[in-house]
Each structure stands twice: as C-alpha cells, then as structure tokens.
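Q: A single structure is presented below for examination.
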Amino acid sequence: MRKLRTFENIILDLSRYWQKKGCLLYYPYNSEVGAGTFNPATFIRVLDNKPWKICYVEICKRPRDGRYAENPLRFQQFYQLQVVMQPAPTNIQRFFLESLECIGFKLKEHEVRFVEGDWDAPTLGAWGLGWEVWLDGLEITQFTYFQQAGGLDLKEIPVELSYGLERIAMLLQGVKSAFDLKWNNTLTWGDVHRQNEIEFSEYNFLAADARLLVSLFNQYEAEAVRLFEKGLILPGYDHTIKCSHIFNVLEARGGISISERAKMIARVRALATQAAQLYKQKMSEQNVLKEGAKQ
Amino acid sequence: MIDFLLEIGFEEFPPSFLKKSANELSGKVVNHLNQQRIFHRSVRTIYTPRRIGVLILGLTRKQKPQVVEIQGPPKKLAFDERNQPTEMLQGFMKANNLKRSQIVVRKIKKGEYVCGKKEVVGANTEDILYEEVPKILKTLEFPKTMIWTKGGTKFPRPIRWIVALLDRRPLKFEFAGVRADRHSMPNQHFSFKPIRLEKPREYINFLRHGGVIVDPNERRKLIVKRIKKAVEKMEGKPLCTNEMIEEINCTTEYPEAVVVEFDEQYLNLPEEVLMTVLKAQGNLIWLKPTSRFVCVFSARKKALQNVKKGYTLVVGSKLYDALFYYKNDSKQGLTRMEANTKRMMWLNGLGSLYDKASRLSDFADFFKKIPGLNLQTLKRAARLCKVDLLSEMIREKDFTSLQGIMGGHYARISGEEEAVASAIKEHYLPKFAGDKMPSTKEGVVLSVIDKIDNVVGAFLSGNRPSGSYDPLAVRRNGYAVVNLINSNSFDITLFNAVDALLKLYKKDIEHEILFEFFTERCSRYLQDKKYRYDEINTVLARWKGDIVDARMRCAALKKMSGKAEFTKLVIGQKRVRNILKNVQGLGKVSTELFKQSAEKKLFKKGMETDGQLKTLFEARDYQKILDLLLAMRPDIDKFFDDVLVMCEDEKLKKNRLALVSLINRIFLCFGDLSRIVIEGEKN
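The listed protein sequences derive, respectively, from chains A and B. Residue 201 in the numbering used here sits at position 207 of the first sequence; the count goes up by one each step and never skips. Residue 797 in the numbering used here sits at position 81 of the second sequence; the count goes up by one each step and never skips.
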C-alpha cells in the first residue's frame, strides 16, 4: 500500500520542491486576505520587474463560501500554496506538472486539464491570462501569467501558481470531504477547522454588524489615504487589504446593492492602484538616489 | 517533390478560437505558396489544444519560373531607319542583360514600346518559407492576446516550440524567442520527451504514439466513437450537440470516455440546472433521463478510474450546491424575493429593481390592443420577472445564465399561473441573433417591454452606446425589439411606445436620439433580411416607428427593383429633389396660374392619385400604391419636358414649384424614392 500523505506533508513536499527550483520559502500575511495574491510578497514584488521567486502558504478567507461545515468542498477559510516566479521560466508548465508527481500523482494515471481561465482581481486592478488546472475534473490550481497589477503593465511577466491544498489532499487521500483529511497521523482537517467554519459561517452570513463594518471600511480607507500621503505605502497597502476583507464580509452578510457593490470594489481598487503607483514611484526615486551615491 | 510541416506548439489555447486560428494559419500559408507559384499536392490543417499547424505534401522545390517583361524606350527611339537598334536600345539591353532575341515590341496606351522578355528563375521554396513563415505568424489575429517574454510578442498563450520542417531540413527561423526546429512535443500525460522528426511524413504517426491525434477530423470521429462505445447497452440518450463535440475536440489531444454516476436525488433539480452544471464542468454529456453522464477526457486509458472518481466528487459537490440554493429559494418564495428587489438598485439614478418592475407593469398597458394578449397575465409577469435576481441560485455566478428560467420555476412553485411562469421564463429571449424566440404572446410582449426599457434606461443613465462602447448591450436589445415586433407582426408604433415609456420615467430627454437609435436598429434588421440599403433608406426616411409597415414597404420596393419604368420614376424623383433643394415659403397651387396643358394635367393626375391613395394606405397595399405612383410618370415627364419651372416670371415660377412640391409630398407618403441608387450613378 502507498504511504498516506498527510496534509502537512503535502505542504512540506511542495515547499521543498519549489525551494529546489530556487524559490524563497515565505509565510502567510498577518491580516485577512482572500487570496495569496494580496500578500505584498506577490502584489508589491511583481511591480519591481526584477527577478523574484517565492513560495508560501496563504490562509485565504472567502466569507461567502462558508457552508457551516456542511459542504465537503466549500468553506470560508482554506489554504493556498502560492508560487510566484518572475520572470516565468519557459518550462514552467513542466515544473508544475512535475510538482504534482512529486506529491504522488502519477500523470499517467490522471487527467490534468488546463481550462481557459482569465484571471481578474478587480479590487487589485490586476489581471492575467492562464488556466484553472483540473485534476480529474477537480480544480486544484490557478495558473496565471500576470499582465497587470495595480493598473500597471508588467514587463517581466511573472507566473503565479495557486494550489488549492485541500482539494489536492482530498484527491491524494481519496476522501470525499475536506473535513476528513488527515492533517497528521492523528488529527483531521475537520478536527482543526470544523468549529471555526460553523461559527464564522454564522458570523459572515448573520451575526456580522453591517453598520460597524461599513464604518470600519470608511475609516480604514481614510487611514490608507492618509498613509499614502505621508509616503507610507506598505502600511497604506495594509489598510487596503483590510478594506478588501471587510467588503467580502459585507457581501456575505447581504444588503449591498449592485451599484453599491460596484462602488466599493472601485474604492478598494483605487487604493490598490494608488499603492502600486506610489510604490513604483518611490522605488525609482530610491534607485536614482542609489545611483547618485555610487557616483 | 518535397513536404512541409509547420507546427506552432504552445500552452493550452483558448478553445473558442482555436479552430479559427488554425484555419487562418494554414489558409495564409497556402495562399502564400500560391502567390509565390509554388505547387503543392495536399494540405492538412492541424489543431489540438497545444498546437496549430499545417502539413503540406508534394511541394515543388522551387518557384515556377516566370517570364517578365521589362518596358524599354518607345519603338521610334529604339530603332533607326534601317531597323537597327539605336544607342538607346543598346543601353537598355546592356543594363538589363538582354539579348536581341529577347526584344519585342508591345503596343500600350502611350504607343508602341520595346520590351525585354526575361525568364526569371524560381527561388528556392526553402528560402521563401524561411523568410515568409515568421512574417505570416506575425499577421495572425486573435480576439485576446498576452505577452510572456521580453520581446513582447503577442499571442493567446505562450509559444513553447515550433516545428518547421521542409523535407529533411529544419527551417531554423526565430519567432517569439523560440527557434524553429524538428522537435515536436507529446501529450504531457505520456511523456515530456521531445519527438524528433526526420521528415514531415512521420508527423501524424509519431505524434499518435505520443498520445496526440493531430488531425482534428480524425479526433472528432474518435470522440463520437468513444462516446458511443461508453454508453453501449446503457439506458438513456446522450444529450449532446455538434457544438459540444467541437468544443470537446478543441480541449482534447487524445480522447477517452467514461460514464459517471451522480446521486438520484439531483434528478429533482430542474433540467436546465443539471445541464448547466454538466456543461460548466467541461461539456459532460447527460444520459437523459438517467443519473449518469459521459465524460470525455484527454489522458491515458489508465486514468479512467481516477477520472471517474474525480468527476463523481466534483459534479456531486456542484449539484449539492445547486440543490441547496434551489431548496432555499423555493422555501423563501417569490414574495420575499420581490420585497428584496426594493433594496437592489437597477441603473444609476433609475431606482430599484422593484421600481423597474412597476414601470414594466404600467408600460404593459400600451400593448393591450395586441390581439390574443392577456393583459392581466402580462402585468403580473412584468411585476415578477426580475425577482429571481435576488434568488441564491442566480446570485451564484455559475448559475447567473439561468436568470428568467429560475424565475419561471420559482413562480410555478409559488403558485403563479402557468402563463405567468412561462412569460417570466422566456422574457430574456432572444439572447443573441438567431436565438430562440419566446413561445407565448405574453412572453414576447414582456421581452419587448423589458428590452425597450433597457434601451431607454441605458440612454437615461449615461450608458448610450458609441463605437465599440456598449457595456449594457443596448444595441442587441434594440435589435431584438425590432426582431420581436416584426416576427410577431405586432401593430405597434415604436416611437409612440418610447414616448409612453418616457412619460413613466418622468425624465426630460430629447426623444429624437432614441428614435434615431431605433431607426438605425431597424435599418440593420432590414439589411439582415436582405433588403437593399437604399431601399431601406427610402422607406425609413420619414419613419414613425412601425416596423411591420417598413418591412412591407421594403418588400414592395424590392419587387420594383430593376424595372425600367421604375428606374425612370426614380430619376424623376431625384430631379424633383434637386429642384426643391433650398426652396422655401411656397404657397398653395393656384390653378388660375396654369399656362400650359401639361401643368393642368399633372395637377389633375396628382389630385386623383392622392384621393385613391388614402384607402390604399389604410389597406397597406404598397404594391398597388407603387403602381399608382408609377402611373403618374407620363404626366410628370410631360410636365418637365414642356414646362420651364425656373422661368422669368416670379409668380409663375412659384406656382410651378408649388405644384412640384405637391407631387413630391404625394410620393413622400410612401418614402423618399430619390434615395434609391441607380446603377452607374455616383451618389
């Protein structure tokens, strides 16, 4: 019998694989994000147009996807393994497929399908082209060549791979529910997360105080703007991320109209775009200074 | 004879324009060969999700030689009296390396000139292809492209290899940072090892061994065969269209098929929901009416059990979600959803969805005279047609396409009449040109009402289309309105409908821009119905928004088109238009001022015709109307032959112009015939 791959070992194996490909091993961001892309290690770094290789686990929160721990494949919090390589190596698709082999999928015994999926993060002013990668029909990874971030065209095109770790583990362990995944040899994913899912589902859908959230959104937005004005771009971006998460909770809570929703997305996007532009500006000014110092 | 293989290898291409792109590439290569006088025996267009290409067999090694003629000096300067070459001709021959025997005389427009006939040896096919293929690749057009390398080449997905093999020689040109060579790539489920090709003829078989059926026709047949084989001896009928098969063909390199089952409880879902789930999951084919479907996949046969397991899980989970939404929505009921529409804004500044529904219901009254229409049903359906936008199902992006359809189901569940439910279900139709039309009268009218409201609402909220900017698909909506009204022969004057709706909005807007918009839409529609552009212009010149009427007038004109009599009539109308250009302030025609019999006759004929026309217009007998107008021609011609309109006497001139204008008005009741384009006329 094949050795059972625990959730934690899958993460370790993938991390080691990408470490060998030259990626820096990094960690999740310390504030709620909807995807690994929000992490400054991706969003800010791809703006540098410089070589950058990184791999990290991200804890992703998608309030609308909570199902009170009742749906085997839907939860309001899950884990992504994020890989960014800038510039994208020419054999990146093969690297990716071999990473699947390294965690135990024999390509000869599965179907890996690259399904056209244009990726667009409206709140980040970012978009790219690529695929949803389906393994035996199950979406396990988003594979994207970024074209723009923060509304800025990228020159060194980065590739972003976002592995959906639960789904991958479910296929590997042959279980029908993420809650049954073996995290290690004694505990399951459900043991770790069930209560969290139930309580947060109730919070996101019913208990969240919409008024408070709207007020927090406004305050964080104002704070981000204030910080940008002071030239504190990374703290400003940090508050942008907070706005984005609050918006997600509000959307789950219901009661945002179509036009309000569009407006809030536009507001977060404006912040993210501003962060990106200011960052670019600051970096080029610093480069000028550095050049000057050398001379 | 030699063979040529061109294969562009990339990461998975968007299926929606794969075939088109492959055809464009092979078409352009073949065209180029023809232009360059390179003979070839056969062409095969290649495409799979990871490559497009062309395999050309039996090429000539060189271009066909060509005789070209170089023009020299005029004959009289080229030869002296004794018919010997002059210095000038000798210079020409020397410069072009011509012999005396290659000199001929050609007569051209300017006179007789000498020409040098010269045979140009054909260039090598190899050199031509090496030069031209990269240029051709640059000219390919795609709806959406990306960049992935520093060079900034744009292509739908990154190009990773190129095979350009002319017989045994690779043409090592460079494109998008990739050097063309003789190595293709296999199906990634089989191997990552490049496939080395010695010559093009090995391509199809070698790739087959690598898990790639490169010929799309062969692959399509195999897909159908695999599906048939998989469902052999099974209950149910595979529900699949040719488009589905083609899409599968564009996402598969090596088709295998497997039957997968789902839980029977999901058969309680509306069929449309089930089909939507299966379609979104990669064109899975339902075995109606069973709880089974066929999945065509693109890997090794060994993968079959895993694929089956995977799809069981993923389809099960999607159906679980769908049933979850469906049950919640059914429990919630339409009344709750309707109440929620008050909180859902429609377009900027135009109130909520609830307001829209109320407006549609009021607007319905305008259509009450349509025969066989149940106004109560229509008004009820109008009230409820948008409430499903508040359902959990439609708010989920996987199911948004079911808007209307779910509304119909939920209406039925909430105890609405069947006719109300059908109207709700159908009111988004037609969604695109050539789509299904609503089947019930109330469905048709609700669709018309909703779409007119969409157009007017877009104009009022600053979303008027211009150029390629049309975010709310206003043009499509306008076109559908015209199409629906005409196809159902509704006696509706569109402009009056627009005015009635504007009143409900209580907003100030120049209605002319809306009239202009609908006139343009009607023109486009009639063009699609194969009426001539000038005939349509004739009819729409003074249009009031009656679509059926415009179509009937176009039909009558079409029958006249090309008849000599009619052409003369049109010429006459053009004359009239020119005469009346810039003429203003004409009074009534005064019969006392008639000096010539032609004037009297024309006036009499005009009055007579005018009297007869009234009843004919009421009966919409446009054929007869045109005949009557045609019958006026002799009198008109006679008038213009005998009478000088622009005479010295100011009084007479004015009276004659008034008569011309009167006749013109009679014609204009039908349309502006001066807009008909006569063959050979510069307009």
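The beta carbon of each residue, even a glycine, is placed where N, CA and C say it ideally should be.
Taking the C-alpha atoms as reference points, what is the distance between E951 of chain B and T1006 of chain B?
A: For the purposes of this step, residue 951 of chain B is identified with residue 235 of the second sequence, where counting begins at 1. For the purposes of this step, residue 1006 of chain B is identified with residue 290 of the second sequence, where counting begins at 1. So the alpha carbons of these two residues sit roughly 7 Å apart.
Q: Could you spell out where the alpha helix (DSSP H) holding R1240 of chain B opens and where it closes?
A: Counting from one through the second sequence, the residue named residue 1240 of chain B turns up at place 524. 1227 to 1244 is the span of the alpha helix (DSSP H), which, as asked, contains R1240 of chain B.
Q: How would you call P1146 of chain B, buried or exposed, if buried means at least 16 neighbouring beta carbons within 10 angstroms?
A: Taking the second sequence and counting its residues from 1, one reaches residue 1146 of chain B at position 430. When all chains shown are included, P1146 of chain B counts as buried.
Q: Inspect the CB distances between the stretch 744 to 759 of chain B and the stretch 268 to 282 of chain A and report whether three or more fall short of 8 Å.
A: Short answer: they don't touch.
Q: With L923 of chain B and F720 of chain B assumed to form a contact (beta carbons below 8 Å), what rounded beta-carbon distance in angstroms separates them?
A: The sequence position of residue 923 of chain B within the second sequence is 207, counting from 1. The sequence position of residue 720 of chain B within the second sequence is 4, counting from 1. That belief does not hold up - the Cβ atoms of L923 of chain B and F720 of chain B are roughly 16 Å apart, past 8 Å.
Q: Return no unless some Cβ of chain A is closer than 8 Å to the Cβ of A1216 of chain B.
A: Here residue 1216 of chain B refers to the residue found at position 500 when the second sequence is read from its first residue. Not closer than 8 Å to any Cβ of chain A, the Cβ of A1216 of chain B fails to qualify, so no.
Q: Could you tell me the alpha carbon to alpha carbon distance between R261 of chain A and V51 of chain A, rounded to whole angstroms?
A: Your numbering for residue 261 of chain A matches position 267 in the first sequence. Your numbering for residue 51 of chain A matches position 57 in the first sequence. Between R261 of chain A and V51 of chain A, the C-alpha separation is close to 28 Å.
Q: Let me know the secondary structure DSSP gives K176 of chain A once reduced to three states.
A: Translated into the one-based positions of the first sequence, residue 176 of chain A becomes position 182. In the structure shown, K176 of chain A sits in a strand (DSSP, three-state: E or B).
Q: Can you name, in chain order, every residue of its own chain whose Cβ lies under 6 Å from the Cβ of P731 of chain B, other than the five neighbours on each side?
A: As a working note, residue 731 of chain B is residue 15 in the second sequence. E963, C966, T967.
Q: Can you check whether the C-beta of C54 of chain A is within less than 8 Å of a C-beta belonging to chain B?
A: By 1-based counting over the first sequence, the position of residue 54 of chain A is 60. No, C54 of chain A does not count as interfacial toward chain B.
Q: Any Cβ of chain B within less than 8 Å of the Cβ of I4 of chain A?
A: Locating residue 4 of chain A in the first sequence gives position 10, where the first residue counts as 1. So no, I4 of chain A is outside the interface.
Q: Under three-state DSSP, which class holds A896 of chain B?
A: As a first step, residue 896 of chain B must be located in the second sequence, where it is residue number 180. Coil.
Q: Could you give the first and the last residue of the continuous beta strand (DSSP E) run that contains A143 of chain A?
A: For the purposes of this step, residue 143 of chain A is taken as the residue at position 149 of the first sequence. Residues 132 to 143.
Q: Between which two residues does the alpha helix (DSSP H) carrying Y1221 of chain B extend?
A: Here the question's residue 1221 of chain B lines up with position 505 in the second sequence. 1210 to 1221 is the extent of the alpha helix (DSSP H) around Y1221 of chain B.
Q: Who pairs with M1061 of chain B in a beta bridge, going by DSSP?
A: As a working note, residue 1061 of chain B is residue 345 in the second sequence. BP columns for M1061 of chain B point to B:S1068.
Q: Cα-Cα, which of B:C1238, B:K1340, B:D1265, B:E1226 is closest to M1276 of chain B?
A: Position 560 of the second sequence, counted from the first residue, corresponds to residue 1276 of chain B. Nearest of B:C1238, B:K1340, B:D1265, B:E1226 to M1276 of chain B, Cα basis: B:K1340.
Q: Among B:M1362, B:K1317, B:A1374, B:F1040, which one has its Cα closest to the Cα of M1348 of chain B?
A: In the second sequence, the residue the question calls residue 1348 of chain B occupies position 632. M1348 of chain B has its Cα closest to that of B:K1317, out of B:M1362, B:K1317, B:A1374, B:F1040.
Q: Do we get a CB-CB distance below 8 Å when we pair G131 of chain A with the residues of chain B?
A: The count along the first sequence starts at 1 and reaches residue 131 of chain A at position 137. It does; some Cβ of chain B falls within 8 Å.
Q: Beta carbons nearer than 8 Å to chain B: which residues of the stretch 137 to 166 of chain A have them?
A: If the cut-off is 8 Å between Cβ atoms, the stretch 137 to 166 of chain A has Y139, Q141, K149, E150, I151, M164, L165 near chain B.
Q: Taking C-alpha atoms, which residue in A:L159, A:V127, A:W121, A:W177 lies nearest to I151 of chain A?
A: Sequence index remark: in the first sequence, residue 151 of chain A carries index 157 (1-based). Nearest option by C-alpha distance: A:W121.
Q: Please look up how many angstroms separate the CB atoms of T1156 of chain B and A1189 of chain B, rounded, as I've assumed it's under 8 Å.
A: As a working note, residue 1156 of chain B is residue 440 in the second sequence. As a working note, residue 1189 of chain B is residue 473 in the second sequence. Actually they do not touch by this definition, with Cβ atoms about 24 Å apart.
Q: Does the CB of N1022 of chain B have a neighbour CB from chain A at under 8 Å?
A: The residue labelled residue 1022 of chain B in the question sits at position 306 within the second sequence. Closer than 8 Å: yes.
Q: Which residue comes first and which comes last in the alpha helix (DSSP H) that contains Q213 of chain A?
A: The residue given as residue 213 of chain A occupies position 219 in the first sequence. Counting along the chain, the alpha helix (DSSP H) containing Q213 of chain A begins and ends at 204 to 223.
Q: Looking at C-alpha atoms only, which residue of A:E254, A:K14, A:Y139, A:N178 is the closest neighbour of S93 of chain A?
A: Translated into positions along the first sequence, residue 93 of chain A becomes position 99. Minimum Cα distance to S93 of chain A is reached at A:K14.
Q: Is the separation between the beta-carbon of E105 of chain A and that of A1015 of chain B shorter than 8 Å?
A: Along the first sequence, one-based indexing puts residue 105 of chain A at 111. Along the second sequence, one-based indexing puts residue 1015 of chain B at 299. Taking 8 Å as the Cβ cut-off, E105 of chain A and A1015 of chain B qualify as a contacting pair.
Q: Is P910 of chain B close to chain A? Criterion is C-beta to C-beta, closer than 8 Å.
A: On the second sequence, residue 910 of chain B is found 194 positions in, with the first residue counted as 1. Closer than 8 Å: no.
Q: Let's test the definition: count the other Cβ atoms within 10 Å of the Cβ of T0 of chain A and tell me whether it reaches 16, buried, or not, exposed.
A: Start at 1 with the first residue of the first sequence, and residue 0 of chain A comes out as number 6. Buried, since its Cβ has 16 or more Cβ neighbours within 10 Å.
Q: How would you write the range of the alpha helix (DSSP H) that A1127 of chain B sits in, first residue to last?
A: On the second sequence, position 411 is the one that residue 1127 of chain B refers to. Where A1127 of chain B is concerned, the enclosing alpha helix (DSSP H) stretches over 1121 to 1129.
Q: Does any residue of chain B bring its CB to less than 8 Å from the CB of P116 of chain A?
A: Position 122 of the first sequence, counted from the first residue, corresponds to residue 116 of chain A. With 8 Å as the cut-off, P116 of chain A does not count as an interface residue toward chain B.
Q: Exposed or buried, what is G1150 of chain B when buried is set at 16 or more other beta-carbons lying within 10 Å of its beta-carbon?
A: Walking along the second sequence from the start, residue 1150 of chain B turns up at place 434. Counting Cβ neighbours within 10 Å, G1150 of chain B comes out exposed, since fewer than 16 surround it.
Q: Kindly indicate which three-state DSSP category C1363 of chain B falls into: helix, strand or coil?
A: Here residue 1363 of chain B is taken as the residue at index 647 of the second sequence, counted from 1. Note: C1363 of chain B maps to coil in three-state DSSP.
Q: Can you check whether the CB of T1254 of chain B is closer than 8 Å to the CB of I1392 of chain B?
A: Here residue 1392 of chain B refers to the residue found at position 676 when the second sequence is read from its first residue. Here residue 1254 of chain B refers to the residue found at position 538 when the second sequence is read from its first residue. Cβ distance < 8 Å, so I1392 of chain B and T1254 of chain B count as in contact.
Q: Can you have a look at K236 of chain A and say buried or exposed, based on whether 16 or more other CB atoms are within 10 angstroms of its CB?
A: Looking up residue 236 of chain A in the first sequence gives position 242. Answer is buried; the Cβ neighbour count reaches 16.
Q: Would you mind listing the alpha helix (DSSP H) stretches within the stretch 725 to 758 of chain B that are 4+ residues and don't spill past its ends, in chain order?
A: Complete alpha helix (DSSP H) runs here, min 4: 734 to 751.
Q: Anything in the stretch 855 to 873 of chain B with a Cβ closer than 9 Å to a Cβ of chain A? List those residues in chain order, please.
A: Under the 9 Å Cβ criterion, the stretch 855 to 873 of chain B contributes K860, T861, M862, I863, W864, T865, K866, G868, P872, R873.
Q: For a contact defined as C-beta to C-beta under 7 Å, what are the partners of T84 of chain A on chain B?
A: To locate residue 84 of chain A, count along the first sequence from 1; it is residue 90. In chain order: R876.
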